[in-house]
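This note's numbering puts the first residue of the sequence shown at 59, with every later residue one more than the last.
Glycine residues also receive a C-beta, built at the ideal position from the N, C-alpha and C atoms.
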Amino acid sequence: MKAKLVIIGLISILMIGCAAPNMKFSVPSKTLIDQPADKALVYFIRPSNLGYKINAAVYDDAEFIGFVPYNQKLPYFAEPGKHLFMVVSEAADFINAELVAGKTYYIEVAPRMGMWRARFSLAPITKADLQTERVKKWISTCRLIENKDGAERWAKENASSVSSKREAYLEKWNARGVDNQPTVNADDCE
Numbered sequence: 059m060k061a062k063l064v065i066i067g068l069i070s071i072l073m074i075g076c077a078a079p080n081m082k083f084s085v086p087s088k089t090l091i092d093q094p095a096d097k098a099l100v101y102f103i104r105p106s107n108l109g110y111k112i113n114a115a116v117y118d119d120a121e122f123i124g125f126v127p128y129n130q131k132l133p134y135f136a137e138p139g140k141h142l143f144m145v146v147s148e149a150a151d152f153i154n155a156e157l158v159a160g161k162t163y164y165i166e167v168a169p170r171m172g173m174w175r176a177r178f179s180l181a182p183i184t185k186a187d188l189q190t191e192r193v194k195k196w197i198s199t200c201r202l203i204e205n206k207d208g209a210e211r212w213a214k215e216n217a218s219s220v221s222s223k224r225e226a227y228l229e230k231w232n233a234r235g236v237d238n239q240p241t242v243n244a245d246d247c248e
C-alpha cells in the first residue's frame with residue numbers, strides 16, 4: 059500500500075511539472091492589431107470553457123508562442139509558408155498550416171478530456187466556417203490577449219518536458235499520414 063502511494067505521488071509530481079495551471083500568463087490586450095503586409099496573422103482561439111483551469115500552450119514548431127486561456131484569442135504574426143503548430147498540456151497535438159502574407163487565419167484550441175487534466179487539439183477554422191454564426195460569435199466574444207513575462211519563463215523552465223511530449227506525440231501524429239492530419243489551407247482566411 060505504501061509503495062502505491064509513493065508511485066501515485068511521484069506520478070502526480072511529474073504530471074504537475076509540465077502543467078500550465080490557471081496562472082495569469084496573459085492579460086487583455088490594449089494594442090490594436092496592425093498586421094505587417096509581409097506576415098500572416100494567426101489567431102489561436104479557444105471558445106470552449108471545458109478544462110477552463112488549464113491554459114493551453116501553443117508553439118510554432120518548437121518556438122513558444124504563448125498561452126490560450128478559455129474564451130480568449132491570442133494573435134501571432136507568422137512568416138508566410140508552411141508551419142507545424144503544436145499545442146501542449148497533458149499531451150501534445152499538431153496542425154499543419156500553409157499561410158499567405160497579409161491574410162488572417164483562425165485555429166481553434168479545442169479542449170478534450172485527458173487522464174489527469176484537460177488535453178487540447180488544434181482544429182482548422184475553414185473559409186466556410188468563417189461564414190457561420192457560431193464562428194462569428196467566437197471571434198467577436200473571445201477576448202484578445204497578450205502574454206506576460208511569466209509565460210516565457212514557464213516555457214524556458216518546462217522546455218525539456220515540452221520537448222519530450224513533442225517527440226512522443228509527433229511520432230504518433232506523423233503515423234496518421236498527411237491525409238489524416240488537420241490542416242489550415244492557404245485559402246482558409248479572411
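Distance between Asn216 and Asp246 (C-alpha atoms, nearest Å): Our two residues, Asp246 and Asn216, have alpha carbons roughly 32 Å apart in a direct line.
CB contact flag (Arg177, Ser219, <8 Å): A distance of 8 Å or more separates the beta carbons of Arg177 and Ser219.
Alpha-carbon to alpha-carbon, Asp92 and Trp212: Using only the alpha carbons, I get a separation of about 27 Å.
Distance between Gly208 and Ile165 (C-alpha atoms, nearest Å): 24 Å
Closest residue to Lys161 among Tyr227, Val236 and Lys185 (Cα-Cα distance): Lys185
C-beta contact flag for Ala168 and Ser106 at 8 Å: yes
Identified DSSP bridge partners for Ser219: Beta-bridge pairing links Ser219 to no other residue.
Per DSSP, the bridge partner or partners of Gln130: Arg104 and Arg201
Nearest-angstrom Cα separation, counted from Pro182 out to Ala136: Going from the Cα of Ala136 to the Cα of Pro182 covers about 16 Å.
Cβ-based burial, Asn232 [other Cβ within 10 Å; buried from 16]: exposed
Local conformation of Arg234 per DSSP, three classes: In the structure shown, Arg234 sits in coil (DSSP, three-state: anything other than H, G, I, E or B).
For Glu156, three-class secondary structure by DSSP: strand
Residue nearest to Ile123 in terms of C-alpha spacing, selected from Ala226, Val100, Asn129 and Ser179: Looking from the CA of Ile123, the closest CA among Ala226, Val100, Asn129 and Ser179 belongs to Val100.
Chain B within 8 Å of Tyr101, Cβ atoms only: Of the protein chains in this structure there is only one, and it is not chain B.
For Pro169: DSSP bridge partner residues: BP columns for Pro169 point to Phe178.
Thr230 versus Gln239: straight-line alpha-carbon distance, rounded: As written in the sequence, residue 230 is Lys, which differs from the Thr given in the question. Their Cα atoms are separated by approximately 11 Å.
Of the residues Ile197, Asp151, Asp96 and Ile112, the one placed nearest Asp118, counting alpha carbons only: Asp151
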